[in-house]
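Residue numbers (the UniProt record's numbering): 1 to 558. Don't be surprised by glycine CBs; every beta carbon is placed ideally from N, CA and C.
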Amino acid sequence: MHIQRISPASAATVSDAVSLPRATEPIKISAFGLPDQNGACGRDLSVVSEPLMTVPRWERVGRVVPSMDAVVKVFCVHTEPNFSLPWQRKKQYSSSSSGFVIRGRRVLTNAHSVDHHTQVKLKKRGSDTKYLATVLAIGTECDIAMLTVSDDEFWEGISPVEFGDLPALQDAVTVVGYPIGGDTISVTSGVVSRMEILPYVHGSTELLGMQIDAAINSGNSGGPAFNDKGECVGIAFQSLKHEDAENIGYVIPVPVIMHFIRDYEKNGVYTGFPILGIKWQKMENPDLRMSMGMRPDQKGIRIRRLEPTAPEFQLLKPSDVILSFDGVNIASDGTVPFRHGERIGFSYLVSQKYIGDNAVVQVLRNSETLEFSIKLAKHKELIPSHIEGKPPSYYIVAGFVLTAVSLPYLRSEFGNLFDVPIKLLDKHLHAMAQSTDEQLVVVSQVLVADINIGYEDIVNNQVLTFNDMPVKNLKSLVIMVENCDDEYLKFGLEYNQMVVLQTKAAKAATLDILTTHCISSSMSDDLKTKENALEEVNSMADDLRDTILEKVEAVCWP
């Protein structure tokens, strides 16, 4: 099973009623075997006394989707970071997707549609002009981005889309966008088949999602899904690819969209979705519940572990049983009531809050019921799921390329996560950061030179210590190495490996290695201090002076 960041769509067959002149035996035809107005299927031949007068299908579609003119085509040029060679970027590429206009002269699309953007342009339906757009906010977790256009001409004749309520199961939805297969707007249809907490592939998180039974077409990403009233009920964003599954597409529902918009309006930037920093266990086994001192009528979930960086770490304890969240009782399988006849994971309640909001959590501890008011915060991961559009951090000394591990880095190095070395994979899945600034630092590769003979095979090994001091993050390691006056640089790696280099020789060789590999700086900009920056400026000035002198000498003394 593979879920892709591809928008859901379906090629709906258009059935046009045909009006025939009056004849001895006039006939009524329903094309392509679809039901006619009397509910019959196929080519139904019946005697009528008057010519058939019907409204063309395309006019009816126009009335069903009145906001179609608000749907725009998004053109983006991407320049992604090269996590394996972090001092440079990959070759740029172009993509096209969909978006739609909302109130406030803003446009919504998918975050992955403008990820690592260099340039974004928008084109209106029926227009031949592309307008430069500015990205206002990118919500990587919820896969939504907000754009705007400064040119007033773009907004002429466009009515913003209005949002509707969360649709019920089997409600009809119409997805509008610009998928592959043509250049003009495409209208596809389906029904709501499921509503639950879904994995968001781009954001590597889980939020409320809506499944529709529609065929899958790339390019619908960011396009709106309308209900039968013409109101937007979601944004198309990903699909399911599996040999046993057909026509499964996913839509970001209104509650998630409105959370993104209100977050931006409230804070001026996107701050994200809060989480409850716990790992929990179901309590469906009656013996487990009895051993925890629960009454037969009590239900809840058991806390296995707590994130040390989460605010609730100071209040909750392992083996506490969470009975309710903000007054809503949690079942032993971790679900809460959602709508009539539906239940949903309790994380939905947390995702409806904003960062900094308080929530009342009721727990059972040693057969005693306690209540805590917890300030919700964002998740701090030891291995971040994304770097929010920033370039990766790196540091090079004596050819050793040091970097902080992130999920994009692992994907760049190994492709499939199942190919990641077991230690790194275990840390990604289970390890917790002990402080907000903790990072997992590795030797990404060794740029071969005389100084590092014998160390060439060290790849993706974690750096645990430097000169017997623990390595907390990449920045602290850079400071220790740059300020080291000891005779040797000693790096302690995992599996008890050690790298030892003469300090003066290692630092002297670094410049030659950078020159050989055409690397402009030994560290990324976020790691530079004022002293580092001043050194680089002076070095560039010296290089420029030498170049000028060489040219002057060549002209004056050929």
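Let me know if residue i comes out buried or exposed under the rule of 16 or more other beta-carbons within 10 Å of its beta-carbon.
i	result
Glu307	buried
His340	exposed
Asn267	exposed
Ser189	buried
Gln238	buried
Glu50	For Glu50, the predicted model reports a pLDDT of 44, less than 50, meaning its position is unreliable; a value from the coordinates is still stated below. Classification of Glu50: exposed, given that the 10 Å Cβ count is below 16.
Thr309	buried
Asp165	exposed
Ser347	buried
His430	exposed
Pro417	Checking the sequence, you will find Leu at residue 417 rather than Pro. The residue is exposed, with fewer than 16 neighbouring Cβ atoms inside 10 Å.
Arg295	exposed
Thr335	buried
Val269	exposed
Pro392	buried
Hey, how far is the Cα of residue i from the Cα of residue j?
i	j	result
Ile235	Gly345	21 Å
Asn496	Val233	55 Å
Arg343	Gly99	31 Å
Gln434	Leu382	8 Å
Gly272	Leu410	23 Å
Ile158	Ile102	10 Å
Gly219	Leu136	22 Å
Ile479	Lys380	23 Å
Ile519	Glu206	39 Å
Val55	Gly223	Summary for Val55: the model assigns pLDDT 47, below 50, so the residue's position carries little reliability; its value from the coordinates is reported in the next sentence. Roughly 27 Å between the two C-alpha positions.
Asn227	Ser193	14 Å
Trp280	Gly300	10 Å
Gly104	Asn473	42 Å
Ile396	Ser522	5 Å
Asp171	Ala359	33 Å
Asp525	Pro81	14 Å
Gly209	Lys241	17 Å
Ala11	Ala214	Legend: pLDDT at Ala11 = 35, less than 50; position of this residue unreliable, value from coordinates given subsequently. Straight-line Cα distance between these residues: approximately 8 Å.
Thr79	Ser221	19 Å
Leu288	Lys378	31 Å
Leu316	Val363	8 Å
Ala168	Lys375	32 Å
Ile275	Val500	42 Å
Phe260	Ile144	8 Å
Ser67	Val442	51 Å
Arg125	Ile252	23 Å
Glu388	Ala225	27 Å
Glu284	Pro337	17 Å
Val321	Ser186	50 Å
Phe83	Arg89	8 Å
Asn217	Gly249	9 Å
Counting only beta-carbon separations shorter than 8 Å, does residue i have a partner in chain D?
i	result
Gly327	Looking at the structure shown, chain D is missing, and only one protein chain is on hand.
Between the Cα of residue i and those of the options, spot the shortest distance and give me the residue it belongs to.
i	options	result
Leu425	Glu438, Thr436 and Ser406	Ser406
Gln439	Pro384, Ile248, Leu349 and Phe226	Pro384
Val361	Val401, Phe338, Pro253 and Phe313	Phe313
Gln265	Met146, Ile374, Ile197 and Val187	Residue identity check: residue 265 is Glu in the sequence provided, not Gln. For Glu265, the nearest C-alpha among the options comes from Met146.
Val173	Ile212, Asn461, Ser186 and Asp165	Ile212
Thr516	Lys423, Gln119, Val175 and Leu447	Leu447
Val161	Val254, Ile303, Lys528 and Arg304	Val254
Leu122	Val459, Gly492 and Val149	Val149
Arg365	Ser393, Gly293 and Thr134	Gly293
Ser412	Ile278, Asp437, Met432 and Ser444	Ser444
Trp87	Leu402, Val363 and Gly492	Leu402
Leu489	Lys423, Tyr270 and Lys504	Lys504
Leu323	Thr309, Val175 and Ser367	Ser367
Val420	Val500, Asp437, Val459 and Phe338	Val459
Val114	Pro337, Ser97, Gly126 and Gln502	Ser97
Gln502	Leu464, Ala398 and Lys390	Ala398
Met498	Leu527, Leu464 and Thr529	Leu464
**Item:** Touch test, the segment 313-331 against the segment 170-187, Cβ-Cβ under 8 Å, three pairs minimum
**Value:** no
**Request:** Taking 8 Å as the threshold, find out whether the segment 194-211 comes into contact with the segment 127-143 through three or more Cβ pairs.
**Result:** yes
**Prompt:** Do the segment 124-135 and the segment 85-96 touch if we need at least three Cβ pairs shorter than 8 Å?
**Reply:** no
**Message:** When you compare the segment 101-110 with the segment 69-77, are there three or more beta-carbon pairs, one atom per stretch, that lie closer than 8 Å?
**Reply:** yes
**At least three beta-carbon pairs within less than 8 Å, the segment 501-518 to the segment 445-465** = yes
**Message:** For the segment 476-487 against the segment 348-364, do three or more pairs of beta-carbon atoms, one drawn from each stretch, fall closer than 8 Å, so that the two count as touching?
**Reply:** no
**Prompt:** For the segment 303-365, which segments carrying the alpha helix (DSSP H) assignment without a break, of at least 4 residues, lie completely within its bounds, in sequence order?
**Reply:** 347-351
**Item:** Segments assigned beta strand (DSSP E), at least 3 residues, entirely inside the segment 143-167
**Value:** 144-148
**Ordered list of beta strand (DSSP E) runs contained in the segment 181-232, each at least 3 residues** = 186-200, 205-212 and 224-226
**Message:** List, from N- to C-terminal side, the alpha helix (DSSP H) runs of 4 residues or more that fit wholly inside the segment 88-121.
**Reply:** none
**Message:** Just to confirm the assignment: which complete beta strand (DSSP E) runs, minimum length 3, are found wholly within the segment 365-425?
**Reply:** 368-375, 394-397 and 400-404
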